[in-house]
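Protein chains in written order, with this note's numbering: chain A, 1348 to 1481; chain B, 1348 to 1481; chain C, 1348 to 1481; chain D, 1348 to 1481. Think of the CB as a built atom: it goes at the ideal place given N, C-alpha and C, for glycine as much as any other residue.
There are 4 protein chains.
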Amino acid sequence: MEPDAREVITALRVRYAECDPMQVAHHSAYFIWFEAGRADLCRARGIDYTAMERGGLFLPVVEARCRYVAGAHYDEELQLTTCVSQIKRRTVRFGYRLMRGDQLIAEGETYQMLVDANGRPRSFPPELFECFQP
Amino acid sequence: MEPDAREVITALRVRYAECDPMQVAHHSAYFIWFEAGRADLCRARGIDYTAMERGGLFLPVVEARCRYVAGAHYDEELQLTTCVSQIKRRTVRFGYRLMRGDQLIAEGETYQMLVDANGRPRSFPPELFECFQP
Amino acid sequence: MEPDAREVITALRVRYAECDPMQVAHHSAYFIWFEAGRADLCRARGIDYTAMERGGLFLPVVEARCRYVAGAHYDEELQLTTCVSQIKRRTVRFGYRLMRGDQLIAEGETYQMLVDANGRPRSFPPELFECFQP
Amino acid sequence: MEPDAREVITALRVRYAECDPMQVAHHSAYFIWFEAGRADLCRARGIDYTAMERGGLFLPVVEARCRYVAGAHYDEELQLTTCVSQIKRRTVRFGYRLMRGDQLIAEGETYQMLVDANGRPRSFPPELFECFQP
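Quick look at the structure:
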């Protein structure tokens, strides 16, 4: 399988409420878009995140970062590429690349840890570990 | 007791992320401010909303409305007055008046229903009914 | 032309960040979705809202209301129908109906006024008035 | 002057809309809080950010990161400490430490660049450079 086949692309349209007085999408909105990308990646790989939470496993973000390269404006269509960059026994790292056509808008990363309902770290069940392979 | 003594005033400062390309606070932000006002009103009346939810009682919004009179700008200080305008067996209505000094910014209302964890309507327990008196 | 042909349908997927501790989309998120519906309606009717603002005409919300009928959950797909319910010389009223398949989730309305960059009410230019016909 | 005297503390209360189905504040909310901290730091140092933008100087975020140590829950009071960690000719770096009493909740950083209305990098005017000294 080629690496690209493991990436998932999410189409986004910038909402008015996401834009700020500088006329560009607010930097906090990108993390919400990244999360939409993760949702699409999970769905594409057969991971039902809602069922996972119902089953007592959660994947909170323990680190997040974003580098903003160019502004995104109201009503523009963006393409977000999401991938798993690393999986370990109890953590997973996602990478994000946000484009407007050929123009890079931002790139970012989230580092997430599997925990139970009490917030205690847990190891990925084998089938989940498999689904999250880079 | 005078009616005014039943109102609660919340000081708010307009955040940059709450403002939109028109340079004013986005109309959706007002409902989040109203909720902060309800939180203050509950606290002032000795209602622990977190404990209420933990006990299986929730107060979802079933109707919300707002009338916007003047724009609120970044970094401005606003004063939100929250009151209970009506309590019935299973519903409560809150009123909101948002001011910047003497200037009316907005006024609004939320209508909320007491439900259990399954979303079924419930009657207010007597002590809660008492706390929510207008 | 049939009335339905004047409506625009927007597909939405509920984001995690839009959901609250009650496990449903927060009531403020609906107004952001309604705005996405307006954007789609404008685009479908050939109205370039960004160009309108650049040209010094704005359409702030002066009243908004929503009635919440059923909760919307994380990752669910919703269908939002947006229509113009009324146009007058300087104001326009939009109606919204949010569905999850056959189930009504919410219905709402925004009342908006055409203003210039100084916030003064303006009359719709004839071509814009035409585009906003119900 | 002691280093601590250059820090600014912002009191925050976690809003319901900021919390997600995991019952904690969503990770995107922290960046909005950090921005509120920057606003307080600017005000404390006599910087009028609104006037700065009106004068054609903007300070967009070009990099942001946050490390989440413990969850923040609805209605909790948090203390955010904001400082300038570095100032260069055209960039400034802010550091953030979010506490709930003695408990560290998160720490983060934003890296921001001075630009003009066309997005071109600009050098800090001397008086602004002085105000942003760590």
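Step through the CB atoms of chain C and report whether any lies within less than 9 angstroms of the CB of residue i.
i       : result
A:D1422 : yes
A:R1412 : no
B:P1473 : no
B:R1437 : no
B:G1418 : yes
Is there a Cβ of chain A sitting closer than 9 angstroms to that of residue i, yes or no?
i       : result
D:A1329 : Residue 1329 of chain D falls outside the range modelled here, since chain D spans only 1348 to 1481, and no answer is possible.
C:I1394 : no
C:A1391 : no
C:F1378 : yes
C:T1397 : yes
D:G1403 : no
Residues in its own chain within less than 7 angstroms of residue i by CB, not counting five upstream and five downstream?
i       : result
A:D1387 : V1355, T1357, T1429
C:R1392 : C1478
A:E1365 : A1372, H1373, A1376
C:D1422 : R1360, V1361
A:G1450 : The question names Gly, yet the displayed sequence has Gln at residue 1450 of chain A. Closer than 7 angstroms at Cβ, skipping near neighbours: A1417.
Less than 6 angstroms between C-beta atoms, sequence neighbours within five positions excluded: which residues of the same chain meet that for residue i?
i       : result
C:D1367 : H1373
A:P1350 : Any reading at A:P1350 must be qualified, since the residue scores a pLDDT of 44, below 50, and its modelled position is unreliable; the value itself is stated next. No residues qualify anywhere along the chain.
D:C1389 : Y1396
A:Y1458 : V1409, E1410, R1440
B:F1405 : V1462
C:I1394 : C1478
Tell me whether residue i is buried or exposed, calling it buried when 16 or more other Cβ atoms sit within 10 Å of its Cβ.
i       : result
B:A1419 : buried
C:E1424 : exposed
B:V1416 : exposed
A:S1470 : exposed
C:Q1433 : exposed
A:G1455 : buried
D:R1359 : Strictly speaking, residue 1359 of chain D in this sequence is Leu, with Arg absent from that position. D:L1359 comes out buried.
B:G1384 : buried
C:E1474 : exposed
C:L1427 : buried
B:A1398 : exposed
D:A1453 : buried
Checking contacts by CB at 9 angstroms: is residue i closer than that to chain D?
i       : result
B:E1382 : yes
A:Y1443 : no
B:A1386 : yes
A:E1477 : no
What does a CB cutoff of less than 8 angstroms around residue i pick up in its chain, not counting 5 residues either side in sequence?
i       : result
B:M1348 : Note that B:M1348 has pLDDT 41, beneath the 50 cutoff, so the model's placement of it is unreliable and no number is given.
A:R1437 : M1460, L1461, P1468, R1469, S1470, F1471
D:R1447 : A1417, A1419, E1423, E1424, L1425, Q1426
D:G1464 : The residue asked about is misnamed: residue 1464 of chain D is Ala in this sequence, not Gly. Closer than 8 angstroms at the Cβ level, and outside the excluded window around D:A1464, lie G1403, F1405.
Considering just the uninterrupted stretch of the alpha helix (DSSP H) at residue i, what are its terminal residues?
i       : result
C:M1460 : First-last for C:M1460: 1450-1460, but that is the beta strand (DSSP E), not the alpha helix (DSSP H).
D:C1389 : 1376-1391
C:E1400 : 1396-1401
With DSSP as the reference, identify every bridge partner of residue i, one or two as the case may be.
i       : result
D:C1478 : Answer is none; D:C1478 lacks a bridge partner.
C:F1441 : C:V1431, C:T1457
D:V1355 : D:T1429
B:P1468 : B:V1462
D:R1447 : D:Q1450
D:R1360 : D:E1424
D:L1404 : D:D1463
B:A1419 : None; B:A1419 has no bridge partner.
Between which two residues does the beta strand (DSSP E) carrying residue i extend?
i       : result
C:A1411 : 1408-1415
Let me see if you follow: with CB-CB separation under 9 angstroms, is residue i close to chain B or not?
i       : result
D:R1469 : no
C:T1457 : yes
C:P1481 : no
For this session: Output, in sequence order along the chain, the residues in the stretch 1362-1374 of chain B whose CB is closer than 7 angstroms to any CB in chain F.
Result: No chain F appears in the structure shown, which is made up of the protein chains A, B, C and D.
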